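Below: the structure, in structure tokens.
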Amino acid sequence: MTDQAWFVTAMVIYLIVMMFIGLLGYKQTDEYEDYMLGGRNLNPFVAALSAGASDMSGWLLMGLPAAIFVSGFSELWVAIGLLAGCALNWWFTAPRLRAYTEVADNSITVPSFLENRFEDKSHVLRVVSGLVILLFFTFYVASGMVAGGRYFESTFDSSYAVGIAVIAGVTVIYTFVGGFLAVSYTDAVQGCIMFISLILVPIFAVLHMDDPSQIFSLQTENAYGASGLEPNPNWFSLFNGVGFVTIISGLAWGLGYFGQPHIIVRFMALRTPRSARKGMFYGVTWMGLSMIGTVFVAIIGPAFFTENPNIQIVDQVNFETIFLDMGQILFHPLIAGLVLTAVLAAIMSTISSQLLVVSSALIEDIYKGLFNKNASDRLLQVLSRFAVLAVALLAVVIAAKPDSGVLSLVEFAWAGFGSAFGPVIIASLYWRRLNAPGAIAGLIAGAVVSFLWGGLANFGIADKPFGLYEMIPGVLANVVFMVGVTLMTKAPSAKVLDEFDKSIELSNKADRLTEKEFVEEAAK
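For the sequence shown, counting from 1, position 57 maps to 123 in the working numbering; every step adds exactly one.
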């Protein structure tokens with residue numbers, strides 16, 4: 067068999083496993099809440115790996131190693147910010163959000179939680195939240211399909227259109243059929259594939275080299291490989307040659323975690339609030355070790371390709387194929403094919419999670435919230451499945467033109483969600499005085515400022531002011547408007563305050579309650 071045949075065989079095996087998991091998810095999905103939240107019975111290990119895999123996407127395997135390969139450790143500030151944000155999100159957000167969503171009329175989406183938390187009878191908060199999710203995630207899904215199309219082009223010598231068709235088809239099938247459980251289980255499997263691949267590739271690369279001693283010196287002393295990159299004496303430094311704006315902009319990525327709907331929905335699906343502690347351990351460990359693997363791919367890469375001048379990195383512009391190229395060189399074609407599916411797994415795990423969140427925004431937050439509050443479970447399941455299909459088809463149409471600027475939205479989509487939802491989610495869990503007008507003002511201000519600050523640059527209209535990542539001004543605008551409007555308007559009702567107190571009490575004593583006792587307490 068040719069190498070391409072082995073690669074295709076590995077990919078087919080992977081895709082069949084994903085669809086099989088989708089079928090298992092379908093068999094466990096009886097009610098609408100099962101389809102959207104897995105019946106709130108998600109194992110913390112599955113929740114952690116699912117959140118990590120849907121979050122990291124191809125950035126962990128392609129974007130980060132390429133950035134470090136080119137620029138050195140100055141690119142690690144983003145990774146440090148994300149790791150810290152992940153840990154803080156699990157510690158501060160997960161337990162209280164799990165308890166509060168149960169108390170707040172059993173909310174199963176972020177917009178429905180915000181509406182119920184503040185007793186917003188105008189539905190403005192729910193609709194605005196749903197529209198923000200719908201807008202950003204539709205383009206986010208399209209960008210993932212663009213990445214999938216490019217992946218198939220470079221890996222399997224296939225056409226861009228075929229790549230999009232395969233990615234969209236398989237992802238839609240298991241999301242359409244199995245819902246939240248299928249997405250969570252497939253994400254967990256995909257997270258394991260990503261983790262194992264990122265550990266094995268640098269280890270085998272060192273064993274493959276004749277002189278591994280160069281891996282910590284070549285970048286600072288010589289032009290390396292066939293890349294033509296100049297030596298950088300500050301390659302291994304986090305501080306030398308790195309500006310203050312670069313550092314705080316990188317760390318600011320961590321702020322985005324608190325407002326990502328496709329991540330925090332995993333917190334809402336946990337069995338109990340106390341599951342969050344285990345989830346944090348699994349999630350942070352997975353992310354930390356995976357990032358270490360990514361860093362070593364970038365560290366070893368210069369010496370690896372310099373020592374083997376007959377091979378080179380396929381992508382000589384952005385060097386984003388360094389992980390893929392090393393995997394193909396180091397392993398038997400079948401094993402290499404399985405390693406290559408790690409990137410496919412990263413892309414598909416993100417798309418599936420985003421499809422489900424967009425579906426919930428359309429059906430739960432807009433259709434049910436505004437037009438048919440008494441819709442049956444069966445109808446909501448059917449509509450949610452077709453919403454997944456409709457959004458995927460729209461994303462395919464957008465992705466059909468990869469040069470249309472879709473990818474430019476990816477960078478500030480993270481900031482957009484973090485700026486819009488992050489401060490509001492945290493304040494809703496910890497600030498008793500916060501009211502609906504303040505939450506609405508903060509959410510809108512954060513989204514608009516982040517969009518304008520970063521959007522103009524991403525579309526090539528103007529540079530970012532001061533070179534500052536849009537997350538920082540977006541979050542600041544949210545906090546200022548949220549606090550200001552809240553203090554200038556009427557305090558929350560007694561019912562809202564009582565629910566806040568009940569959720570805090572329930573969260574605080576959750577560690578002493580069994581799963582059954584927790585559900586009984588929440589229902590009182």
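We put the CB at the ideal spot given by N, CA and C, even for glycine.
Just so you know, these numbers come straight off a predicted model, no measurement behind them.
Starting from residue i and walking both ways along the alpha helix (DSSP H), at which residues does that stretch end?
i: Phe135; result: 129 to 137
i: Gly118; result: 110 to 122
i: Ile538; result: 537 to 554
i: Ile366; result: 341 to 373
i: Asn574; result: 560 to 574
i: Arg337; result: Neither: Arg337 is in no alpha helix (DSSP H) and is coded neither H nor E.
i: Arg106; result: Counting along the chain, Arg106 falls outside any alpha helix (DSSP H), and DSSP gives it neither H nor E.
i: Leu460; result: 443 to 465
i: Trp143; result: 142 to 154
i: Thr159; result: From DSSP, Thr159 is part of no alpha helix (DSSP H); its letter is neither H nor E.
i: Phe310; result: 310 to 317
Nearest by alpha-carbon distance to residue i: which of the options is it?
i: Leu89; options: Pro131, Leu247, Leu149; result: Leu247
i: Met85; options: Ala117, Ala234, Ala213; result: Ala234
i: Gly508; options: Ser188, Thr75, Phe547; result: Phe547
i: Ala227; options: Ser178, Ala208, Leu542; result: Ala208
i: Gly484; options: His398, Phe324, Phe517; result: Phe324
i: Phe371; options: Leu390, Asp564, Met357; result: Leu390
i: Ile506; options: Tyr166, Phe158, His189; result: His189
i: Tyr496; options: Ile432, Phe566, Ala560, Arg444; result: Phe566
i: Glu477; options: Ala543, Ala456, Ser315; result: Ser315
i: Ile259; options: Gly359, Glu373, Ala486; result: Gly359
i: Val267; options: Leu396, Pro299, Val232; result: Leu396
i: Ser283; options: Ala335, Pro297, Phe270; result: Pro297
i: Ile413; options: Thr75, Thr68, Val83, Trp125; result: Trp125
i: Ala254; options: Val112, Val193, Met392, Ile313; result: Val112
For residue i, count the other beta carbons within 10 Å of its own beta carbon; 16 or more makes it buried, fewer makes it exposed. Which is it?
i: Leu148; result: buried
i: Val593; result: Because the chain is modelled from 67 through 590, residue 593 falls outside the range shown and cannot be assessed.
i: Phe437; result: exposed
i: Ser470; result: For Ser470, the predicted structure reports a pLDDT of 47, less than 50, and the residue's modelled location is therefore unreliable. The matter cannot be settled from this model.
i: Trp519; result: buried
i: Leu406; result: buried
i: Met554; result: exposed
i: Met77; result: buried
i: Gln394; result: buried
Would you kindly work out how many angstroms separate the C-alpha atoms of residue i and residue j, rounded to a whole number?
i: Pro327; j: Phe205; result: 15 Å
i: Leu304; j: Phe139; result: 5 Å
i: Leu473; j: Ser137; result: Because Leu473 sits at a pLDDT of 48, beneath the cut-off of 50, its placement in the model cannot be relied upon, and the point is left open.
i: Gln420; j: Asp276; result: 44 Å
i: Leu46; j: Ser415; result: There is simply no residue 46 to check, as the chain begins at 67 and stops at 590 in what is shown.
i: Val551; j: Asn501; result: 9 Å
i: Asp121; j: Ile329; result: 7 Å
i: Phe202; j: Gly229; result: 23 Å
i: Val549; j: Arg498; result: 12 Å
i: Leu81; j: Ser116; result: 17 Å
i: Arg578; j: His274; result: 52 Å
i: Val454; j: Ile429; result: 10 Å
i: Leu449; j: Val463; result: 21 Å
i: Ile401; j: Val380; result: 20 Å
i: Ser425; j: Leu460; result: 13 Å
i: Ser559; j: Thr351; result: 42 Å
i: Ile21; j: Pro278; result: Residue coverage of the chain in this structure runs from 67 to 590, which leaves residue 21 outside it and unanswerable.
i: Ile417; j: Val331; result: 15 Å
i: Trp480; j: Gly322; result: 6 Å
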